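Some notes on the structure that comes next.
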Amino acid sequence: MKFADIIIPLAVEGVFTYAVPVALEEKVGEGKLVIVSFAGNKKYTGVVWRIHEKQPVGYKVKNIEAVTDDRLQLSGVHLQFLFWMAEYYMAYPGEVLRAALPVVFRLESFTAVTLGDTEIDFDDLTDNGQALLRFLRPGQYVAMREIEKYLGIKNGMGLVKSLLDKGYIQIKETIDEIFREKTEKWILWARPYTEEELSGILDALRRASGQYKMLCRWIEAGKEQMEKQHFLKQSGGSAAILKSLCEKNILKIEERKVSRLGEDKAGEQQANPLSLQQESAIKQIRDYFTSKDCVLLRGVTSSGKTEVYIHLIREYISRGKQVLYMLPEIALTVQIIRRLRRVFGDTIGIYHSGMPDNIRAELWKKQSGPKPYPVILGVRSSLFLPFQKLGLVIVDEEHDPSYKQKEPAPRYHGRDAAIMLANLCGAKVLLGSATPSFESYYNTKTGKYGYVQLTSRYGDIRMPELLLADLAEYRRKKLMKGVFSPVLIQEMQRTLNEGNQIILFQNRRGYSTYLQCDCCGSILKCSHCDVSMTYYKQRDLLSCRYCGSIKRNVSLCTECGKGHYRQKTPGTERVEEEVAALFPDARIARMDLEVMSSKAKYHRVIHDFEEGKTNILVGTQMVSKGLDFANVKLVGVIDADSMVNFPDFRSEERAYCMLMQVGGRSGRKGEQGKVIVQTADPDNRVYRMVMNGDYDVFYTEIAAEREQFVYPPFCRLIQVELRHKEVVVVRNAVNLLVGRLRVELGRRVWGPAVPEVSKIGEMHRVQLLIKIEYKVSLSRIKSFLKEELSALQSDKGFTGLRVYCDVDPQN
Numbered sequence: 121m122k123f124a125d126i127i128i129p130l131a132v133e134g135v136f137t138y139a140v141p142v143a144l145e146e147k148v149g150e151g152k153l154v155i156v157s158f159a160g161n162k163k164y165t166g167v168v169w170r171i172h173e174k175q176p177v178g179y180k181v182k183n184i185e186a187v188t189d190d191r192l193q194l195s196g197v198h199l200q201f202l203f204w205m206a207e208y209y210m211a212y213p214g215e216v217l218r219a220a221l222p223v224v225f226r227l228e229s230f231t232a233v234t235l236g237d238t239e240i241d242f243d244d245l246t247d248n249g250q251a252l253l254r255f256l257r258p259g260q261y262v263a264m265r266e267i268e269k270y271l272g273i274k275n276g277m278g279l280v281k282s283l284l285d286k287g288y289i290q291i292k293e294t295i296d297e298i299f300r301e302k303t304e305k306w307i308l309w310a311r312p313y314t315e316e317e318l319s320g321i322l323d324a325l326r327r328a329s330g331q332y333k334m335l336c337r338w339i340e341a342g343k344e345q346m347e348k349q350h351f352l353k354q355s356g357g358s359a360a361i362l363k364s365l366c367e368k369n370i371l372k373i374e375e376r377k378v379s380r381l382g383e384d385k386a387g388e389q390q391a392n393p394l395s396l397q398q399e400s401a402i403k404q405i406r407d408y409f410t411s412k413d414c415v416l417l418r419g420v421t422s423s424g425k426t427e428v429y430i431h432l433i434r435e436y437i438s439r440g441k442q443v444l445y446m447l448p449e450i451a452l453t454v455q456i457i458r459r460l461r462r463v464f465g466d467t468i469g470i471y472h473s474g475m476p477d478n479i480r481a482e483l484w485k486k487q488s489g490p491k492p493y494p495v496i497l498g499v500r501s502s503l504f505l506p507f508q509k510l511g512l513v514i515v516d517e518e519h520d521p522s523y524k525q526k527e528p529a530p531r532y533h534g535r536d537a538a539i540m541l542a543n544l545c546g547a548k549v550l551l552g553s554a555t556p557s558f559e560s561y562y563n564t565k566t567g568k569y570g571y572v573q574l575t576s577r578y579g580d581i582r583m584p585e586l587l588l589a590d591l592a593e594y595r596r597k598k599l600m601k602g603v604f605s606p607v608l609i610q611e612m613q614r615t616l617n618e619g620n621q622i623i624l625f626q627n628r629r630g631y632s633t634y635l636q637c638d639c640c641g642s643i644l645k646c647s648h649c650d651v652s653m654t655y656y657k658q659r660d661l662l663s664c665r666y667c668g669s670i671k672r673n674v675s676l677c678t679e680c681g682k683g684h685y686r687q688k689t690p691g692t693e694r695v696e697e698e699v700a701a702l703f704p705d706a707r708i709a710r711m712d713l714e715v716m717s718s719k720a721k722y723h724r725v726i727h728d729f730e731e732g733k734t735n736i737l738v739g740t741q742m743v744s745k746g747l748d749f750a751n752v753k754l755v756g757v758i759d760a761d762s763m764v765n766f767p768d769f770r771s772e773e774r775a776y777c778m779l780m781q782v783g784g785r786s787g788r789k790g791e792q793g794k795v796i797v798q799t800a801d802p803d804n805r806v807y808r809m810v811m812n813g814d815y816d817v818f819y820t821e822i823a824a825e826r827e828q829f830v831y832p833p834f835c836r837l838i839q840v841e842l843r844h845k846e847v848v849v850v851r852n853a854v855n856l857l858v859g860r861l862r863v864e865l866g867r868r869v870w871g872p873a874v875p876e877v878s879k880i881g882e883m884h885r886v887q888l889l890i891k892i893e894y895k896v897s898l899s900r901i902k903s904f905l906k907e908e909l910s911a912l913q914s915d916k917g918f919t920g921l922r923v924y925c926d927v928d929p930q931n
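At position 740 of the sequence shown (counting the first as 1) the number is 860 in the numbering used here, and the numbers step up by one without a gap.
Encoded structure:
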């Protein structure tokens, strides 16, 4: 008898063995998606890891119940990648599988209820019990979610259990097929008709005026087939009339499968001609690819990196290879998508988590089929697609922290995982950035990666002029107007007078980042998290950026009851309001998560700014990524100090990258642009190095300190976080854990420490950091850490303790 080891999409260790029924032997294979029972009668979609004939000992083996779809199968490379990710990022294989599969493929059972055979005594029941039993019908199963919706309750399992104990109901576990092919209905002639036959049919229909008119309209259209809804709208008839014509075998309706992917037949335009610098860069990349698997392309903003990518993509497509083009945030790259569509048309597929589930599933199926997209443009989740002939992976803006998955597990880094995927597929990797991450730049220094530069802007356009506005001095002289310095106001007025556009960058959302009492000084915090709440003026409410809880706005202090809350540290909402007051004739738009609630809104804001319908764009880091506007001549950074002074060893690196990136939106076409950075600390070394614009000098100075204090890129990190509802429990647990770890790891263990936000969602947090030199076995330390964490969680004194491991943390 054959057996299969199966990955279950749950946070459980290892794989689970099931028997392969004889009837399914030909269908079940490695990588196939199958339905199995797990944890009682719950049913899940699992993936077959391997087939063998070794029967498990000590328990009865369950059978595989079904194969979900014969056309769906993960390749051996795909499975290898999933297990590598689970091992490297200290996640369960099931957690990785949940991230990899579109939700509509992860079928999970639900409890369904029907009436039992026992006679019902309604006097013995609660109101909800009576309502439920009257709602049910003999032999008809109803899902638990429908019951809860009908009764208006959140958890109906207690009620169901009490009725089950009395024998009034029966339950079973069943699975819904979530994914269904999209179909359209088309109208055709039921059979070919001669003119004489049609004339006779029309004569016979003269008394049925509706049918007669509809058939006349059909004949007048002169088409052999037409989509049903389109025809009904065109003819003005009803579906009932059409049904009558079909019942008389004059017309017929045919259901056809259609794609949800919205393929664009445009494209096949020639790529733009390359400059001598771009041609040289492509030649260097090709040369490096003969000896190295990964190359870093560092190009200043507007140097034409995207055009280099386009030419390389065409090369690999012509060889019959697939290309994965990764971006940090797909919603922020409308212009890049449009640009690639013009060149590649329907050979490019888009994949990201913001797409509807059925569209993601359809693209996933297409990539595993005989005619996959040659090019995929996507975010980090696109790594899980079933590539068949992957030849090149492009990771654009590789420094961006958005590539790191934070919650839930697996907490993987899209850039690093892409390099491993390419390695398994025998593909090459091109990393691109104007401000590379220290890790990638370090790898070029050690010779691990190839290194290519684009040192000037396309068309030899000059880099923007950068000015520092000393906020401390302006405040001392009382020259500030709200959040704006006189120099920024003056430059904004000049830019608007010349008919040019402005981008204002403030890396905070809302109207005010926090509210503070003018009497006792207390800050209004979230009741569930140890963090201040952000005030949103348009909605007049307070919101927590961690747990999402919302409060009504209050003015009187909840601590002392005497003072009033004052708004502190402005966000984009307040900046927009102050801009409107200073420049009442300007057309202003805002770009942050509050406004960009849908793809359509984002497209509209981008389109209006491109077309010059908007003069000033206010936004968070959204305005720094993937945007290319010809008419932007001024960029204003409202508060740069909040980025530089963040308590994290990467804060200076991130501030430098952010300032260089947002500044790079200015003066991309035509005359030189200008960037004004408002700061109360103009002597800070980060601003000095941004003005110098020499990345090598910046890296050398900061990296020397990183090496001295043993931080990446000179070591690897594992961050362990413990959470518990009781602060005493979590602190006792972390102290015990640190003591055990130091016996084996010594000074590599740093902490414990309470993070800046010490409580999230009622859970108290403590963290410790493990620094691991490159010469030390990372896998050995992970194995030891897993054992100690398992022992800690099995301790009855720490019931309810949650443990999170983050390999290569980014904050």
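By construction, the Cβ of each residue, glycine as well, lies at the ideal position given by its N, Cα and C atoms.
Small disclaimer: the values here were computed from a predicted structure and weren't measured.
Classified as buried, Gln887 has 16 or more neighbouring CB atoms from the shown chains inside 10 Å of its CB. Beta-bridge partners of Leu587 (DSSP): Ile796. In its chain, beyond the 5 residues on either side, Gln331, Tyr332 and Leu335 have a beta carbon closer than 7 Å to the beta carbon of Leu325. Cβ-Cβ separation between Ile128 and Gly166: approximately 5 Å, consistent with a contact (criterion under 8 Å). Each of Leu608, Thr234, Arg707 and Val863 was checked against the Cα of Pro258, and the nearest Cα belongs to Thr234. DSSP assignment within the segment 548-631 yields the following whole alpha helix (DSSP H) runs of 4 residues or more, N-terminal first: 558-565, 591-596 and 606-617. The beta-carbon separation of Leu416 and Thr564, rounded to 5 Å, stays under the 8 Å limit for a contact.
Positions of the beta strand (DSSP E) runs, each at least 3 residues long and wholly inside the segment 849-912, are given as 869-873 and 883-892 in order along the chain. For Leu432, same chain residues with a beta-carbon under 6 Å away, outside a window of 5 residues either side, do not exist. By DSSP's assignment, Asp926 forms a beta bridge with Gln839. Boundaries of the alpha helix (DSSP H) harbouring Asp285: Met277 to Asp285, taken from the DSSP string. For a cut-off of 8 Å, the C-beta gap from Gly784 to Ser422 is around 6 Å, short enough to register as a contact. Exclusion of the five residues before and after Arg862 leaves Val869 as the residues of its chain whose Cβ lies within less than 7 Å of its Cβ.
Contiguous beta strand (DSSP E) elements confined to the segment 388-476 occur at 414-419, 442-446 and 468-471, taking only those with 3 or more residues. For Tyr819, no beta strand (DSSP E) run applies; the uninterrupted alpha helix (DSSP H) run containing it begins and ends at Tyr815 to Gln828, by DSSP. CA-to-CA, the gap between Lys891 and Lys163 works out to about 41 Å. With respect to Gln442, Pro492 sits close: the two C-beta atoms are nearer than 8 Å. At a cut-off of 3 residues, the continuous stretches assigned as beta strand (DSSP E) that sit fully inside the segment 156-208 are 162-172. Annotated three-state conformation of Glu215 is helix, per DSSP. In the displayed model, Ser642 falls within coil according to three-state DSSP, outside both helix and strand. Excluding its 5 nearest sequence neighbours in each direction, Leu779 has C-beta neighbours in its own chain below 6 Å: Val810, listed in chain order.
The three-state reading of DSSP puts Tyr261 in coil, since its state is none of H, G, I, E or B. Residues of the same chain with a CB within less than 7 Å of the CB of Glu304, apart from the 5 flanking positions on each side, are Glu347, Arg376 and Val378 in chain order. Minimum Cα-Cα distance from Glu773 among the listed residues Thr820, Leu153 and Leu256 corresponds to Thr820. Distances from the alpha-carbon of Tyr436 to those of Val454, Val549, Leu544 and Arg531 put Val549 closest.
Residue state for Val515 is assigned as strand, using DSSP reduced to three classes. Counting along the chain, the unbroken beta strand (DSSP E) around Val755 starts and ends at Val752 to Val757. Distance from the CA of Tyr831 to the CA of Tyr471, rounded to the nearest whole angstrom, comes to 34 Å. In this chain, Glu316 is not harboured by any beta strand (DSSP E); it is covered by the alpha helix (DSSP H) spanning Glu315 to Ala324. By the Cβ test, the segment 459-474 is in contact with the segment 492-504, since at least three Cβ pairs between them sit closer than 8 Å. Distance from the Cα of Ala401 is smallest, within the candidate group Leu381, Thr410, Val132 and Gly424, for Gly424. By the Cβ-count criterion, Gly570 is buried, with 16 or more other Cβ atoms from all chains shown falling within 10 Å of its own Cβ. Bridge pairing for Met346: Ile307 [DSSP]. Looking only at Arg867, Ile370 and Ile456, the smallest Cα-Cα distance to Gly320 is reached by Ile370.
A residue is called buried when at least 16 other Cβ atoms come within 10 angstroms of its Cβ; Phe829 does not meet this threshold and is exposed. Taking a C-beta distance under 8 Å as the contact criterion, Cys640 and Glu679 qualify as a contact pair.
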